[in-house]
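S.K.: The sequence shown begins at 5 in my numbering and counts up by one.
Attaching a single structure in structure tokens format; questions to follow.
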Amino acid sequence: MSLLLAAVMAYVAGLALLVHAAPTLADGSGYGSDQLGAVHLVGLAFLSVAITGSMMQLVPVLLRVRVAHPAVAGTAALLLAGGAWLLAIGLWRDVPTVTAAGGSLAVVGGLAVCAAVLLAVLRAWRAGNLVPAGVGMALSTGWFAVVLVLGGLMAENRHQLFLGVDRLRLIELHGVVAVVGWIGGMILALSLTLAPMFSLAHGYRKGPGHLAMGAWHLGVLLIVAGLALDAAPAALAGAVVSITATGLALQFAVGVFRHRRRRVEAPMAHLLLGLACMLTAVVLVLGAWVGPGVTPTVEIIALVLGLVGLGCGVTAGHLFKVVPMLVWTGRFAHLAGTPGAPALSDLYPTRLAKAEQAMFAAGLALLLIV
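Shown next, in the form of structure tokens:
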């Protein structure tokens, strides 16, 4: 709960900084200090910390093993959250010492989280408890480790040029691995279980979700290889595979939607919108690749669709159910089955969730159109 609270605070701060950076974004500039601060507040301090906090609770539920000893897990997560804030502030205010300190803490804490999750998945596999969602979590966590290492190198390279690689190429690699591999991959992996659970869905087809997960990570691998080796055919093939993967993920989500046993709530609404945003982003970039070329404006639109539309939307939408679930478990589980015990659905803020969905969709549309 403390991690989720810290993540939501970063979400608010990141969006406030995004408002400040909106004029320069509209001009096609995506690498200023305001933009870097906003992206890292949203992508690292919000999304990565929220995902980490959720995994601390969900890994034991899905895989029947805990992530790590609470003291170890808490320390690693604290380093990640604190380092993410310092890194974002350092990039925003262009203070090398703060950037270096925050980046170092975030990398150490994040890699510790990665190691703990991967070891938990390994223990689940040895115990025979590994499910497809666990495989997806392991693959996404591997991409997070790449994000951390690459991000640390890039942060240091801003002030001491030692990487003999084109900066734009590094930014593209970092963005694809972070938004698609880590954030998108983890959202898909968790959605294999959470989407049906939160919708009370039965009878839906699991196959499209499993195929989507495999194709999703194959697409990321091909795009990364294409960008790293300057091999356009591999990157184009990766984009095609990613479109297929997103289509399969949408098919899975629509199947859950059709077999749901409760009204459409924030997690499902945001999942459908987020996958539609991801599909639009990949099609847009692919069209630019084979057509007039990828411009800074196209890259910014794709980043907004992936980071905000998919990442922020789905994560924020799920918090409307995850937070009540944690609160109910912590405060009311011992009252289960007794008169007067609240139901989990009683803690879901329906009006607030509907207002958030409407404002989020309107804001995302205006941000992209204007």
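Cβ coordinates follow ideal geometry from the N, Cα and C atoms, glycine included.
Do you know offhand how far SER37's Cα is from ASP98's?
M.R.: 7 angstroms
S.K.: Please work out which residues of its chain come closer than 8 angstroms, Cβ to Cβ, to LEU7, disregarding the five sequence neighbours upstream and downstream, and give them in chain order.
M.R.: Correct list, in chain order: VAL53, ALA54, THR56, GLY57, MET60, ALA81, ALA85.
S.K.: Determine, using beta-carbon pairs with one atom in the segment 333-340 and one in the segment 307-314, whether at least three such pairs fall under 8 angstroms.
M.R.: no
S.K.: Starting from PHE148 and walking both ways along the alpha helix (DSSP H), at which residues does that stretch end?
M.R.: Judged by DSSP secondary structure, PHE148 falls within the alpha helix (DSSP H) whose first and last residues are 136-161.
S.K.: Is VAL181 near TRP220, with beta carbons less than 8 angstroms apart?
M.R.: no
S.K.: What would DSSP say about HIS44, mapped onto helix, strand or coil?
M.R.: Taken through DSSP and simplified to helix, strand or coil, HIS44 comes out as helix.
S.K.: Among GLY32, VAL318, VAL312, LEU356, which residue has its Cα nearest to the Cα of HIS44?
M.R.: VAL312
S.K.: Which one of ASP31, VAL12, GLN39 has the shortest CA to CA distance from ALA25?
M.R.: GLN39
S.K.: Would LEU66 pass as a contact of ALA137 if the rule is Cβ separation under 8 angstroms?
M.R.: Cβ atoms of LEU66 and ALA137: closer than 8 angstroms.
S.K.: According to DSSP, simplified to helix, strand and coil, what is THR103?
M.R.: helix
S.K.: Just the Cα atoms here: how many angstroms apart are ILE304 and LEU122?
M.R.: If you draw a straight line from the Cα of ILE304 to the Cα of LEU122, it comes to about 32 angstroms.
S.K.: Report the option in MET13, ILE93, LEU172 whose CA atom is closest to the CA atom of THR299.
M.R.: LEU172
S.K.: To the nearest angstrom, report how far apart THR284 and GLY18 are at their CA atoms.
M.R.: 23 angstroms
S.K.: Starting from the C-beta of GLY94, find all residues in its chain whose C-beta is less than 6 angstroms away, skip the five residues before and the five after it, and write them out in chain order.
M.R.: VAL102, THR103, GLY106
S.K.: Using the C-alpha atoms, what's the distance from LEU194 back to ARG127?
M.R.: Cα to Cα, the separation comes out at about 19 angstroms.
S.K.: GLY132: buried (16+ other C-beta within 10 angstroms of its C-beta) or exposed?
M.R.: exposed
S.K.: Is there contact between the segment 312-328 and the segment 187-201, where contact requires at least three CB pairs shorter than 8 angstroms?
M.R.: Pairwise C-beta distances place the segment 312-328 in contact with the segment 187-201, as three or more of them are shorter than 8 angstroms.
S.K.: Hey, quick one: how far does the alpha helix (DSSP H) through PHE50 stretch, first residue to last?
M.R.: Taken as a continuous stretch (DSSP letters only), PHE50 belongs to no alpha helix (DSSP H), as it is neither H nor E.
S.K.: Okay, do the segment 199-213 and the segment 233-249 touch, 3+ Cβ pairs below 8 angstroms being the bar?
M.R.: no
S.K.: What residue range is occupied by the uninterrupted alpha helix (DSSP H) comprising ALA17?
M.R.: It spans 6-30 - the alpha helix (DSSP H) in which ALA17 sits, taken as one unbroken run.
S.K.: Can you find the residues in the same chain that come closer than 7 angstroms, C-beta to C-beta, to LEU288, ignoring five residues on each side of it along the sequence?
M.R.: If we look at LEU288 and ignore the five residues flanking it on each side, its Cβ neighbours are VAL302, ILE305, ALA306.
S.K.: Select from SER349, LEU314, ALA366 the residue whose C-alpha is nearest the C-alpha of THR333.
M.R.: SER349
S.K.: Helix, strand or coil, according to DSSP, for PRO212 in the structure here?
M.R.: helix
S.K.: So is MET141 buried or exposed if we call it buried at 16+ other beta carbons inside 10 Å?
M.R.: By the 10 Å Cβ count, MET141 comes out buried.
S.K.: Hey, quick one: how far does the alpha helix (DSSP H) through ILE247 stretch, first residue to last?
M.R.: 236-262
S.K.: Run the proximity test for THR103: is its beta-carbon closer than 7 angstroms to any non-hydrogen atom belonging to the ligand COA?
M.R.: What this structure holds is no ligand at all, so the ligand COA is not there to describe.
S.K.: For the alpha helix (DSSP H) containing ILE373, name the first residue and the last one.
M.R.: 354-373
S.K.: Helix or strand or just coil, what does DSSP make of GLU269?
M.R.: coil
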